[in-house]
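Undergrad: Below you'll find the structure I mean.
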Amino acid sequence: MGVLNEKRCNIAKYYKTSFQRIPRLKKYDVIVWVDGTIELINEKISEYIMENIYNHKIIAWHHDHRNGILKNEVDASHFERYTNTYWYNQNQPYQDVDKQYSFYINDGYSDLYYKNLNSHTQHMGVWITCFVAFLHLLTFQTPIFTAKK
């Protein structure tokens, strides 16, 4: 079993990944996750989310230069935040993003799943998750992203 990463920012991700399990949040139609690395500068962002969330179910942003490609995200993660055992004044386990990438690929992950979707953007695929809005559904399902049938 791997080392538990008890950094504050990783513990806080529970609210992003499991919001549907938190009783207090069940009364809200829209859940917005914004982590501490984001500065909101557009005064109309709330209006944008509310105008679009009911049609799109999830709103996230992308890195233009990474094009939604998982390998591009992995390559961009080769810096101290992931490769050091001490970051932001806290001890942390080494985060082997290359190994995680291999797990995804061996499990059948394919960028083509997203690239073959009829989408409004060429960047469909892996997106930034430090700022994401979810339409709070009774059941939230993760899409099957593998090439396996």
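14 is the number of the first residue of the sequence shown in my numbering; add one for each residue after it. We treat Cβ as the ideally placed atom computed from N, Cα and C, and that holds for glycine. All values reported here derive from a predicted model rather than from experimental measurement.
For the alpha helix (DSSP H) holding Phe116, just list the boundary residues, first then last.
TA: Counting along the chain, the alpha helix (DSSP H) containing Phe116 begins and ends at Val110 to Asn119.
Undergrad: Whole angstroms are fine: how far does the CA of Gly81 sit from the CA of Tyr114?
TA: Cα to Cα, the separation comes out at about 14 Å.
Undergrad: Residue range of the beta strand (DSSP E) that Ile71 falls in?
TA: Taken as a continuous stretch (DSSP letters only), the beta strand (DSSP E) holding Ile71 covers Ile71 to Trp74.
Undergrad: Please state the DSSP three-state secondary structure of Val87.
TA: Note: Val87 maps to helix in three-state DSSP.
Undergrad: What's the gap between the Cα of Asp109 and the Cα of Asn131?
TA: Cα-Cα distance, rounded: 33 Å.
Undergrad: Since Ile141 contacts Trp74 with CB under 8 Å, what's their CB separation in whole angstroms?
TA: Yes, Ile141 and Trp74 are in contact; Cβ-Cβ is about 5 Å, under 8 Å.
Undergrad: Grab the span of the alpha helix (DSSP H) containing Thr142 for me, first residue to last.
TA: Counting along the chain, Thr142 falls outside any alpha helix (DSSP H), though it belongs to the beta strand (DSSP E) covering Ile141 to Leu148.
Undergrad: Taking the Cβ atom as the reference point for each residue, do Ile54 and Asn65 lie within a distance shorter than 8 Å?
TA: Cβ atoms of Ile54 and Asn65: not closer than 8 Å.
Undergrad: Taking the continuous alpha helix (DSSP H) assigned at Thr96, which residues delimit it?
TA: Unbroken alpha helix (DSSP H) run through Thr96: Glu93 to Thr96.
Undergrad: Give the straight-line distance between the Cα atoms of Asp45 and Leu38, rounded to the nearest whole angstrom.
TA: Contrary to the premise, residue 45 reads as Val rather than Asp in this sequence. So the two alpha carbons sit approximately 11 Å from each other.
Undergrad: Thinking C-beta only, is Asp120 closer than 8 Å to Gly138?
TA: No.
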